[in-house]
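J.: Got a structure for you, written out below as structure tokens; questions coming shortly.
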Amino acid sequence: MNIKQGFIALLTALIFVLASGCSFAPPESPAPMVKQKKEQAQEAAQEQPQSQESLNPSPSIMDGMEERKSNGSDDMERLD
Amino acid sequence: MPSTYNKIHRLKSQGWTWPEFLAELEQVAVHSIDEKTLYSNFRLPHRKPNKLLEETINQLHEKYFPSPFPKEVEGLITLYNHLVSAKNYRTQEDDIELLKQFVLAELQHDNPQYDLRYSRLAWLAANIAFDRISYCRDNGLLEQLVENQKSALQWFQQAKQVITHYQQTVEIKIEPFVIYKLTQNMLASYLNALPSTNRLDNNDLKSFIDSSDYISETKHMLELEPFQWGIARNGLRFSSLLKNAEDCEYFYRALVTANKHFLDIDYQLPGALSIRESDDFHWALDIIRNRNLPVILEQL
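Top line first, the protein sequences correspond to chains A and B.
For the first sequence, the working numbering begins at 641 and goes up steadily by one.
For the second sequence, the working numbering begins at 550 and goes up steadily by one.
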């Protein structure tokens, strides 16, 4: 996979994640959404034993930020 | 990216009255925003804005202070910021690496055009390296630390040179704050590479501050935008680390001018330690206390 293909794959994955997060039910139909959430929770509970290892986040570059602050290390944030 | 607090102040400093400000908001807001919410976010730097206010202020700010950079690269920076701050994102590191490879490939074309698109991509490449510095420092990854610091400094510098050259060639007006942000990011690349115990009187910091004219640029920025508490706080930080008593007083006064809450040395904002808690401010704290500055400034 070359860099551009890889980047397109990354964009697609992100769009999918964002689209999943933005999905909603219309205000007049709250019941299906509750049902959907229950189903999702049940599915997640069922899937947990198999996927527990993969759900653990890999050590992230942003991890430890809070710990750093509690140790008195006051890093500067970048400006965009 | 400036906070909502800074954006509200920047918009207000155009001379709008509160009714005028609210009328401007009405034109872009999906739902109306009440004066109380707007005013409390204007007064309190620690106030977390609600989603509606944040989005509306962002739109209004973009209308009056548009970014000089192409929208597609701004979008890429937003994408990266979401990516790097995502929690429990299993392939985060790999995806950041993919994005980095794409950005570097764009920057290393055979015939790059040194324009605002290029400079913003260089800025993004620098951001990606910069965000790894603290992690490498805390995990003893010395080789990677040096590599990321070098890369961040190189790309921030490249972005700065291209913007400076571009605005001279094309005669486009770029706000001084844009260039200042790059200078501050370079300084941050030096600072964050050091554990807090090694920052006082550090030679790398000293020589960069001297060569970049950081202190006088910071004072100039605060004359233009006195509400920028973050800039005043960093001015105070480096005056403290370089043990310059007069500059410590100058920047503490600037910090209190930016917001009176900083009269309290325990005042804490989300994402930052209070002055009393942070090691970087210990030297300045003695000056502030010995000169009785909180008491004097409260009476003004």
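Just so you know, even glycine gets a beta-carbon here, dropped at the ideal spot from N, CA and C.
Am I right that B/GLN698 and B/SER738 are in contact with their C-beta atoms under 8 Å? What's the rounded C-beta distance?
T.: Right, their Cβ atoms sit about 5 Å apart.
J.: Given that a residue counts as buried once 16 or more other Cβ atoms are within 10 Å of its Cβ, and exposed if not, what is A/ALA685?
T.: In this predicted model, A/ALA685 has a pLDDT of only 44, less than 50, meaning its place in the structure is not dependable enough to derive any value.
J.: On the DSSP letters alone, give me the boundaries of the alpha helix (DSSP H) that B/TYR638 sits inside.
T.: Taken as a continuous stretch (DSSP letters only), B/TYR638 belongs to no alpha helix (DSSP H), as it is neither H nor E.
J.: Ends of the alpha helix (DSSP H) at B/TRP565?
T.: No alpha helix (DSSP H) contains B/TRP565, which DSSP labels as neither H nor E.
J.: Taking the beta carbon of B/TYR799 as the centre, do at least 16 other beta carbons fall within 10 Å, making it buried, or is it exposed?
T.: When all chains shown are included, B/TYR799 counts as buried.
J.: Helix, strand or coil for A/PRO699, going by three-state DSSP, please let me know.
T.: In this prediction, A/PRO699 scores a pLDDT of 49, lower than 50, which makes its location untrustworthy; the coordinate-derived value is nonetheless stated afterwards. In the structure shown, A/PRO699 sits in coil (DSSP, three-state: anything other than H, G, I, E or B).
J.: Could you round the C-beta distance between B/ARG686 and B/PRO744 to whole angstroms and report it? I think they count as a contact, below 8 Å.
T.: The Cβ separation is near 6 Å, so the contact holds.
J.: B/ASN783 touches chain A at which residues, Cβ-Cβ below 9 Å?
T.: Ordered by position in chain A, the residues that pass the 9 Å Cβ test against B/ASN783 are MET716.
J.: Counting only the same chain and skipping the five closest in sequence on each side, list residues whose C-beta sits under 8 Å from that of B/PHE570.
T.: For B/PHE570, where only same-chain residues beyond five positions count, the Cβ hits under 8 Å are LEU560, LYS561 and LEU587.
J.: Report buried or exposed for B/ALA803, applying the criterion of at least 16 other Cβ atoms within 10 angstroms of its Cβ.
T.: With 16 or more Cβ atoms within 10 Å of its Cβ, B/ALA803 is classed as buried.
J.: Which whole-angstrom value describes the C-beta separation of B/ALA675 and B/ALA701, a residue pair presumed to lie in contact below a C-beta threshold of 8 Å?
T.: 5 Å between Cβ atoms; contact.
J.: Would you mind sorting B/ASN839 into buried or exposed? The rule is 16 or more other CB atoms within 10 Å of its CB.
T.: Exposed: under 16 other Cβ atoms inside 10 Å.
J.: In the structure shown, what three-state DSSP assignment does B/PHE937 receive?
T.: For chain B, the structure presents residues 550 to 849; residue 937 of chain B sits outside this window and is missing.
J.: Quick one: does B/LYS730 have its CB under 8 Å from some CB of chain A?
T.: Yes, contact with chain A.
J.: For the pair the segment 601-609 of chain B and the segment 631-643 of chain B, tell me if three or more CB-CB distances fall below 8 Å.
T.: Contact between the segment 601-609 of chain B and the segment 631-643 of chain B is absent, because fewer than three Cβ pairs lie under 8 Å.
J.: B/ASP750 touches chain A at which residues, Cβ-Cβ below 9 Å?
T.: Within chain A, no residue comes near B/ASP750; the closest Cβ sits about 17 Å away, beyond 9 Å.
J.: Strictly under 8 Å for the Cβ-Cβ distance: is B/LYS556 near chain A by that measure?
T.: False, the Cβ-Cβ gap to chain A never drops below 8 Å.
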